[in-house]
Amino acid sequence: MKASETLIATLREVPQDAVIASHQLMLRSGLLRRLGNGLFAYLPLGLKAFRKVEAIIREEMDAIGALEFRPSVIVPGELWRESGRWETMGEGMLRVKNRVNQELVVSPTAEEAFTALIRDELSSYKQLPITGYQINTKYRDEIRPRYGVMRGREFTMKDAYSYHANQESLDEVYEKFASAYRKIFRRLSLTVIPVKADTGAMGGTGSEEFMVESPVGDDTLILCASCGYAANTEKASCASDADMSLVKTDKAVEEIDTPNVKTIEELSAFLDTKPQTFIKTLIYKALNSELDLTKAPGSASLKRVTETGRAAPFYPESFFAVCIRGDLDINEAKLAALVKASELELASDEDVERFTQAPVGFAGPVGLDSLPIIVDNSVLAMHDAVTGGLKKDVHLLHVEPSRDFSFFLSGDIRTVVAGDICINCGKTYHSTKGNELGHIFKLGDKYTKSMGVSFLDENGKLQTPTMGCYGIGVDRSLASIIEEHHDENGIVWPMNIAPYQVVIVPIKYNGQMKEIADNLYEGLRKEGIEVLLDDRDERPGVKFKDMDLIGIPVRVLVGEKNLPNVEIKERNKSSADLVLVEEAKDFVTKLVKEALAKHAHSSES
Numbered sequence: 005m006k007a008s009e010t011l012i013a014t015l016r017e018v019p020q021d022a023v024i025a026s027h028q029l030m031l032r033s034g035l036l037r038r039l040g041n042g043l044f045a046y047l048p049l050g051l052k053a054f055r056k057v058e059a060i061i062r063e064e065m066d067a068i069g070a071l072e073f074r075p076s077v078i079v080p081g082e083l084w085r086e087s088g089r090w091e092t093m094g095e096g097m098l099r100v101k102n103r104v105n106q107e108l109v110v111s112p113t114a115e116e117a118f119t120a121l122i123r124d125e126l127s128s129y130k131q132l133p134i135t136g137y138q139i140n141t142k143y144r145d146e147i148r149p150r151y152g153v154m155r156g157r158e159f160t161m162k163d164a165y166s167y168h169a170n171q172e173s174l175d176e177v178y179e180k181f182a183s184a185y186r187k188i189f190r191r192l193s194l195t196v197i198p199v200k201a202d203t204g205a206m207g208g209t210g211s212e213e214f215m216v217e218s219p220v221g222d223d224t225l226i227l228c229a230s231c232g233y234a235a236n237t238e239k240a241s242c243a244s245d246a247d248m249s250l251v252k253t254d255k256a257v258e259e260i261d262t263p264n265v266k267t268i269e270e271l272s273a274f275l276d277t278k279p280q281t282f283i284k285t286l287i288y289k290a291l292n293s294e295l296d297l298t299k300a301p302g303s304a305s306l307k308r309v310t311e312t313g314r315a316a317p318f319y320p321e322s323f324f325a326v327c328i329r330g331d332l333d334i335n336e337a338k339l340a341a342l343v344k345a346s347e348l349e350l351a352s353d354e355d356v357e358r359f360t361q362a363p364v365g366f367a368g369p370v371g372l373d374s375l376p377i378i379v380d381n382s383v384l385a386m387h388d389a390v391t392g393g394l395k396k397d398v399h400l401l402h403v404e405p406s407r408d409f410s411f412f413l414s415g416d417i418r419t420v421v422a423g424d425i426c427i428n429c430g431k432t433y434h435s436t437k438g439n440e441l442g443h444i445f446k447l448g449d450k451y452t453k454s455m456g457v458s459f460l461d462e463n464g465k466l467q468t469p470t471m472g473c474y475g476i477g478v479d480r481s482l483a484s485i486i487e488e489h490h491d492e493n494g495i496v497w498p499m500n501i502a503p504y505q506v507v508i509v510p511i512k513y514n515g516q517m518k519e520i521a522d523n524l525y526e527g528l529r530k531e532g533i534e535v536l537l538d539d540r541d542e543r544p545g546v547k548f549k550d551m552d553l554i555g556i557p558v559r560v561l562v563g564e565k566n567l568p569n570v571e572i573k574e575r576n577k578s579s580a581d582l583v584l585v586e587e588a589k590d591f592v593t594k595l596v597k598e599a600l601a602k603h604a605h606s607s608e609s
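In terms of the working numbering, the sequence shown has 481 at position 477, counting the first letter as 1, and numbering is strictly consecutive.
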């Protein structure tokens, strides 16, 4: 391609709304343009790089036997009602109606669409396992889209879904995807951190995220440098750090006046003690909890709903008192998983006062029978504790868990932070920010059961298949390549992702320089090299800056001063080579093909 025949749309200034390197460079190099808030269009150079990321993902999906599908982006709302997610996906899902008033969804994800397709085709265990994937458009109505295509509203993802007759089959395919993802990110020249993760609104059990470090990452990663433990903060666990100096007390619970003392910090100062001696109690409201509360305190009057298509009955709204050691924070993702809720939020001040009969700041578990109490494991190791007294300006001393209050449920609901003790090796954790590029789940029968998918097993009995889900963000992967591979002059593309592999830059596109540039251009094209000829009538400095900004891996400079040599410079190196004109084609071809070979698909991990 000649530069005069394509669109070189570089910008010298950094756009004001672009904060991170990938967003800035995608705009400045002319890969991308903003059409609206969270809505972006790829220009020709950007689309070429995007298609290469897409092609690598497709190659590795095909290599493990996944079959490509192409569902519609607009999906009937009735499928989402069948799965139970019409009500639970929240405002991020764009719902529309057509001219005949049919409810439709602009797909934020594709479990429902794929499961409906498989349901209509599946009849026998002999057809299983089935693994299908798509590379398709999604839309999520983000409240605050930011960082360019890292968090846009419309984006492209590779989604894959597998359906199985048994858990063993799911486990086997899950591991194939885990291996394929490692190959994909290696070929994309991305340094990823595989971490244990929460399944969130997707449901399911086993889950692994593939993260890249980023100072503006949406996720916090908990890492152990000693043993390699890695988890998203929503899933991370740590070893117990109970204060062994606390001993069981025989003293009776004692009320103490604490006028205008509400927070843990204020109470620590007032009692001249440390936060580890307090039991902090917070009231939470859960939406669509599937936890059985029929025998839970204060829950007899709760409305429990059974809906056609939903795997389990649920409570549209329920409340819990949640207790944790005073120096720790509640992890709401863990808590939501424990109570099987789609959403979770702190109760309003009005609800807190209604359940505790006390002002906000004085909640405690002793004598609280209006709510089911959930305790973090940290509370189980506490003795002689301080809690809220369920009265204005009153706290309780000498509280012993189990002796002075009972609880409905316990579990690990603490937020793990840097400095906590590794659950595997006993060393301390550190943390970093990260962005998710890929996520794999073992979904179980959450969708197949609710949507009525079945097959006849070898004994002729109807069974429900179990399911896996596997996603990769294509746009986010492309942006992450730029985040990891750039310098002060622009993008430094890996050879296999660059929009063009080679650019030929004649100082002036006339006379002998034009002839040499044209011959080299045609010769490289015949070798299968993707080459751009910068035939623009621009100053050499402008051409150099543009090509460094765009990040083309190999630049061939044709200038009178160097003849009969041309200057060949790799984008990721500071020095250049002078090569005879007649040897330049072979020299460049070897450079490109050797670099491409490092990123080629192979059967090796």
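Glycine residues also receive a C-beta, built at the ideal position from the N, C-alpha and C atoms.
In the three-state scheme derived from DSSP, where H, G and I count as helix and E and B as strand, LEU11 is classed as coil. The count of Cβ pairs closer than 8 angstroms, one atom from the region 389-398 and one from the region 339-348, stays below three, leaving the stretches out of contact.
CA-to-CA, the gap between PHE548 and VAL199 works out to about 41 angstroms. In the three-state scheme derived from DSSP, where H, G and I count as helix and E and B as strand, ILE520 is classed as helix. By the Cβ neighbour-count rule, GLN20 is exposed, with fewer than 16 other Cβ atoms within 10 Å of its own. Straight-line spacing of the CA atoms in LEU108 and ILE122 works out to 20 angstroms.
Short of 6 angstroms from the beta carbon of VAL57, and not among the five residues preceding or following it, lie these beta carbons of its own chain, in chain order: VAL478, SER481 and LEU482. Scanning its chain for C-beta atoms nearer than 6 angstroms, with the 5 sequence neighbours on each side dropped, one finds around ASN381 the residues ASP416, in chain order.
Annotation for MET65: the continuous alpha helix (DSSP H) segment containing it runs 48-67. Here GLU238 is buried: its Cβ has 16 or more other Cβ atoms, across all protein chains shown, within 10 Å. Secondary structure note for TYR137: its beta strand (DSSP E) is the uninterrupted segment 134-143.
In this structure, the straight-line span from the alpha carbon of VAL383 to that of MET154 is close to 39 angstroms. Using a Cβ distance threshold of 9 angstroms, HIS443 and GLU270 do not count as a contacting pair. Per DSSP, the beta bridge partners of TYR474 are ALA164 and ILE444.
The Cβ-Cβ distance between LEU553 and ASN566 does not fall below 9 angstroms. Taking a contact to require three or more Cβ pairs closer than 8 angstroms, the region 417-428 and the region 229-244 qualify as touching. Around the CB of GLU158, 16 or more other CB atoms lie within 10 Å, so the residue is classed as buried.
A straight line joining the alpha-carbon of PRO320 with that of ARG99 spans about 21 angstroms. Taking 8 angstroms as the upper bound for CB-CB distance, VAL390 and VAL403 are in contact here, some 7 angstroms apart. Cβ neighbours of GLY40 within its own chain (closer than 6 angstroms, five residues either side excluded): none. SER352 sits close to LYS289, with the two beta carbons spaced by under 9 angstroms.
ARG186 is the residue among VAL104, ALA169, ARG186 and LEU15 whose C-alpha sits nearest the C-alpha of ILE476.
Under a 10 Å Cβ-count criterion, VAL326 is classified as buried, with 16 or more other Cβ atoms of the shown protein chains found around its own Cβ.
Assigned with DSSP and collapsed to three states, VAL383 falls in helix. Judged by DSSP secondary structure, SER454 falls within the alpha helix (DSSP H) whose first and last residues are 450-454.
For LEU561, the enclosing beta strand (DSSP E) starts and ends at 558-562. With 16 or more other CB atoms across the displayed protein chains lying within 10 angstroms of its CB, ASP550 is buried. With respect to the C-alpha of THR195, the residue from GLU440, GLY96 and GLY81 having the closest C-alpha is GLU440. Taking the Cα of ARG85 as reference, the smallest distance to any Cα among ALA114, GLU311 and GLU259 is reached at GLU311. Residue pairing from DSSP places ILE377 in a beta bridge opposite ALA325. Cβ neighbours of VAL420 within its own chain (closer than 6 angstroms, five residues either side excluded): ILE226, ALA240 and CYS242. When beta bridges are read from the DSSP output, PHE459 appears opposite GLN467.
Inter-segment contact for the region 124-138 and the region 461-476 is present: three or more beta-carbon pairs are separated by less than 8 angstroms.
VAL18 carries a coil assignment under DSSP once its states are collapsed to helix, strand and coil. Here LYS266 is not bridged, per DSSP, to any residue.
As for any beta strand (DSSP E) of minimum length 3 sitting wholly inside the region 500-554, the runs are 506-510 and 535-537, ordered along the chain.
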